[in-house]
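Under numbering that gives the first Met the number 0, the first residue of the sequence shown is numbered 0, with each subsequent residue one higher.
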Amino acid sequence: MKRYALAVICAITLSTSAIAQEGKMLTYADFQMVQTNWQMASDDSYLGSRAGCFETLVRLNSQLQLEPGLATAWKQVEPTVWEFTLRDGVKFQDGTPLTGDAVAGALNHLLTAEMPARPFSPKLIKSVEASGEKVVRITTRDPLVLLPAQLAAPNTTILSPAAYQGAAIDPVGHCTGPFEITEVKPKQYLKFKRNDNYWGGKPLLDGGKVVFIPDANTRMTQVRSGEADIARLIPAYAVKKLEGAQGVGLVQQRVPRVTELLLNNKKAPLNDIHVRQAIQAAIDGKAIADSVYEGLATAAASAFLPDDPWAPKGIAPVYDPERAKALLKEAGIQPGQLQLELLAYTSRSELKDVAAIIQAELGEIGIKVNVRVAEYTAIEPEMISGAYDMALMSRGYLTDVADPFGFLTADYSCGGSYNMSHYCSEDVDAQIKKASSLSDPQARYAIYAQLAKKIFDEAITVPVVNETSIDAVTEHVKNYKMHPLVYYLMTKDLTVE
0 MKRYALAVIC
10 AITLSTSAIA
20 QEGKMLTYAD
30 FQMVQTNWQM
40 ASDDSYLGSR
50 AGCFETLVRL
60 NSQLQLEPGL
70 ATAWKQVEPT
80 VWEFTLRDGV
90 KFQDGTPLTG
100 DAVAGALNHL
110 LTAEMPARPF
120 SPKLIKSVEA
130 SGEKVVRITT
140 RDPLVLLPAQ
150 LAAPNTTILS
160 PAAYQGAAID
170 PVGHCTGPFE
180 ITEVKPKQYL
190 KFKRNDNYWG
200 GKPLLDGGKV
210 VFIPDANTRM
220 TQVRSGEADI
230 ARLIPAYAVK
240 KLEGAQGVGL
250 VQQRVPRVTE
260 LLLNNKKAPL
270 NDIHVRQAIQ
280 AAIDGKAIAD
290 SVYEGLATAA
300 ASAFLPDDPW
310 APKGIAPVYD
320 PERAKALLKE
330 AGIQPGQLQL
340 ELLAYTSRSE
350 LKDVAAIIQA
360 ELGEIGIKVN
370 VRVAEYTAIE
380 PEMISGAYDM
390 ALMSRGYLTD
400 VADPFGFLTA
410 DYSCGGSYNM
420 SHYCSEDVDA
430 QIKKASSLSD
440 PQARYAIYAQ
450 LAKKIFDEAI
460 TVPVVNETSI
470 DAVTEHVKNY
480 KMHPLVYYLM
490 TKDLTVE
């Protein structure tokens, strides 16, 4: 697996008048909040993982390599059967032991949930059962060489049996991680305390708080004032403002994430390849990267970063307005004839500016665009159902699984649970299925590159920029490291001085 290099931009030394920490407590500001009452298929599972409460059988380190988590070993005993050996001496925060039955119960609850998780759904998994006190046996529907990587996703968190007794999942006191959730106000904050009996060793912090702040400017203000020690997802326009802030440093990392323009492939006239290619040719990704992202992003031809081992070769971002006009003419569309709606969502503050630029660029080739900006939860049903034209999306292509298999399955297979493009090809499905059975990474990567080139050639989706993620961190925070997939934040080694 490739490495995603971490760069830290340090601010000037913290003055002696900086706000003193009371005990060993830490507050961080997150742009997401608890939205689905801890449904594991949702982003709530990522919140629980970042808060240091949720843990999975397998972990991903900062180089995206697999490491033991609640399981210490795993092996593929048959083409469709895997066995995971559990770690000895682990107890849930309610005192019950980690056993094969407890793990099987948690994963089976996930499989039978109303909303199954993308990396661990009944489409992929046939059964989960305990095979003794410390072994869990998982049977897949087809050979699935990537199952350990799928079990590193926070969606596959293991909670104690007591967490599943009510109508909703209750994580309070039922995790295995270094910190225990003690209080949750879903739209305001989450509090946690140290788990003194953590199997991995005693955490350095006493505890802390996650404050849910969707507005990027407010998150930035909180870290400058010292109300928050860490602020996640600082927009590019705020970097210059914070670079000179005393006692605040910026952690910057190229991440496996793309800002893309989703096109509804099943809805006329976007079901015409000429129209999609015209939109692709009308968008100047470099201008967007330089202006909206202030040079901290790069124009994209593919969702994948150019130096990824699975990146397609021989393609480059397209920007050719004259070609775009010619393609519309070939599709039989006259200037001013076509009107489309473009959706963007508020939690990624830069998307409204990207939408305004795309609106102007498509206007130059004769397409009228109406922009609508709303909370993501308000527009997601339209995208999933296919009742939309175009939408901007910030998408992590290794978020579900640390391999493009998860992204391609969810977003581009006929039955994909996140197929917002509403694209369907039996050939693409066959290629994705083939990749999932190949133990040779290079053979898988070759298939992913071919599929990415097909997405580019047919303008199924239009990648706009490959992103850089930026966090703001006050100088008294020690041992903070941004994870490329943002699976973890509150670790046992994180502390303040």
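Built from N, CA and C at the ideal position, the CB exists for glycine as well.
- When the beta-carbon positions are compared, Leu260 and Ala451 stay at least 9 Å from each other.
- Inter-segment contact for the segment 139 to 150 and the segment 64 to 83 is present: three or more beta-carbon pairs are separated by less than 8 Å.
- The three-state secondary structure of Ser126, taken from DSSP, is strand.
- In this structure the segment 179 to 189 does not lie against the segment 474 to 487, because fewer than three pairs of beta carbons, one per stretch, are closer than 8 Å.
- Collapsing the DSSP output to three states places Asp283 in coil.
- Under the three-state reduction of DSSP output, Ile168 falls in the coil class, being neither helix nor strand.
- Taking a cut-off of 8 Å for Cβ pairs, the segment 267 to 279 and the segment 290 to 304 do not touch, as fewer than three such pairs fall below it.
- The C-alpha of Glu242 lies about 33 Å from the C-alpha of Asp399.
- Where Val238 is concerned, there is no enclosing beta strand (DSSP E), although the alpha helix (DSSP H) around it starts and stops at Val238 to Glu242.
- DSSP places Glu329 within a helical segment (H, G or I) once states are collapsed to three.
- Met382 is the residue among Ala359, Met382 and Arg322 whose C-alpha sits nearest the C-alpha of Tyr344.
- For secondary structure counted as the alpha helix (DSSP H) over 4 or more consecutive residues, the segment 283 to 355 holds these complete runs in sequence order: 284 to 290 and 320 to 329.
- Residue pairing by DSSP places Phe119 opposite Ala116 in a beta bridge.
- Annotation for Val80: Arg136, Ile137, Thr138 and Thr139 place their beta carbon closer than 8 Å to its own, counting only its chain and skipping 5 residues before and after.
- Note on Asn418: 16 or more other CB atoms within 10 angstroms of its CB, so buried under the neighbour-count rule.
- Burial is judged here by how many other beta carbons sit within 10 angstroms of a residue's own beta carbon; Asn264 has at least 16 and is buried.
- Looking at the DSSP output, Ile137 shares a beta bridge with Trp81 and Val127.
- Excluding sequence positions up to five before and after Met481, its CB lies within less than 6 Å of the CB of Val250, Gln252 and Asp470, all in the same chain and listed in chain order.
- Shown here, Phe30 sits in coil according to DSSP, grouped into three states, outside any helix or strand.
- Contact between the segment 26 to 39 and the segment 356 to 364 is absent: fewer than 3 CB-CB pairs across the two stretches fall below 8 Å.
- Taking Pro483 as the centre and dropping the five residues before and after it, the same chain places the C-beta of Tyr3, Ser61, Leu63, Gln252, Val254, Pro255 and Leu397 closer than 8 Å to its C-beta, in chain order.
- Beta-bridge pairing by DSSP links Thr494 to Lys477.
- Excluding five sequence positions before and after Thr155, the CB atoms of its chain that fall closer than 6 Å to its own CB belong to Thr55 and Phe119, given in chain order.
- Excluding sequence positions up to five before and after Phe406, its CB lies within less than 6 Å of the CB of Tyr396, all in the same chain and listed in chain order.
- If you draw a straight line from the Cα of Pro316 to the Cα of Tyr444, it comes to about 21 Å.
- In the DSSP assignment, Lys190 falls within the unbroken beta strand (DSSP E) covering Tyr188 to Arg193.
- The beta carbon of Trp37 sits closer than 8 Å to the beta carbons of Asp43, Ser44, Gly47, Ala167, Ile168, Asp169 and Pro170 from its chain, once the five residues preceding and following it are set aside; these are given in chain order.
- Positions of the beta strand (DSSP E) runs, each at least 3 residues long and wholly inside the segment 41 to 82, are given as 57 to 59, 65 to 67 and 70 to 77 in order along the chain.
- Rounded to the nearest angstrom, the gap between the Cα atoms of Lys208 and Phe178 is 11 Å.
- Listed as beta-bridge partners of Met392 by DSSP are Glu259.
- Take the alpha-carbon of Leu262 and the one of Lys453: they are about 15 Å apart.
- Between the C-alpha atoms of Arg322 and Ile282 there is a straight-line separation of about 12 Å.
- In the structure shown, Asp271 adopts coil according to DSSP, grouped into three states.
- Shown here for Ile287: same chain residues with a beta carbon closer than 7 Å to its own, the five before and five after excluded, namely Val353, Ile356, Val463 and Val464 in chain order.
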